[in-house]
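In our numbering, the protein residues as written are 5 to 159.
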């Protein structure tokens, strides 16, 4: 059976569709190719925007990470290094050394505690040295009062 014969036997609607395809086939093919090209261009543009957004997000994350690192370094690590250096000086015998108080509240509290311990150690060693210097009991009490007065309130 040839094509023309099949067309004659098909219902009228199919015959009408076949005639449209026969007459408009090249134009429909061109239109389909144009549609496919437009779709490809649209999808490529969306993909390009997604890639650009990913790069922007990665850049923002990098900047935020560097800012966070800088803050942690300034607020935590540097003050802790200062506290460590102060503690080393106290351990080396510089009993009155006062560590600079910097950073957040926790590091400030540690530095202040180290400074109080350092002051108390200096007071105790000063009192021990004066007590062992052969002073009279009245002189020892005056020395205790004079030494402790700056460190703590005495009545």
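Note that the Cβ used here is the ideal one computed from N, Cα and C, for glycine as well. Since this is a predicted model, take the numbers as computed values, not measurements.
State the start and end residues of the unbroken alpha helix (DSSP H) segment that holds residue i.
{"i": "residue 141", "result": "141-152"}
{"i": "residue 114", "result": "109-135"}
{"i": "residue 93", "result": "82-95"}
Have a look at the options and flag the residue whose alpha-carbon is nearest the alpha-carbon of residue i.
{"i": "residue 115", "options": "84, 92 and 136", "result": "84"}
{"i": "residue 81", "options": "99, 107 and 66", "result": "107"}
{"i": "residue 130", "options": "117, 150 and 118", "result": "150"}
{"i": "residue 122", "options": "145, 148, 98 and 38", "result": "98"}
{"i": "residue 100", "options": "112, 89, 88 and 125", "result": "125"}
For residue i, which of helix, strand or coil comes out of DSSP?
{"i": "residue 58", "result": "helix"}
{"i": "residue 102", "result": "coil"}
{"i": "residue 63", "result": "helix"}
{"i": "residue 22", "result": "helix"}
{"i": "residue 30", "result": "helix"}
{"i": "residue 41", "result": "helix"}
{"i": "residue 138", "result": "coil"}
Looking only at its own chain, which residues have a Cβ that is under 7 angstroms from the Cβ of residue i, when we skip the five neighbours before and after it?
{"i": "residue 137", "result": "none"}
{"i": "residue 148", "result": "131"}
{"i": "residue 102", "result": "119 and 122"}
{"i": "residue 105", "result": "112, 115 and 116"}
{"i": "residue 79", "result": "107 and 108"}
Give every residue of the same chain whose Cβ lies closer than 8 angstroms to the Cβ of residue i, excluding the five residues on either side of it in the sequence, and list them in chain order.
{"i": "residue 91", "result": "103 and 118"}
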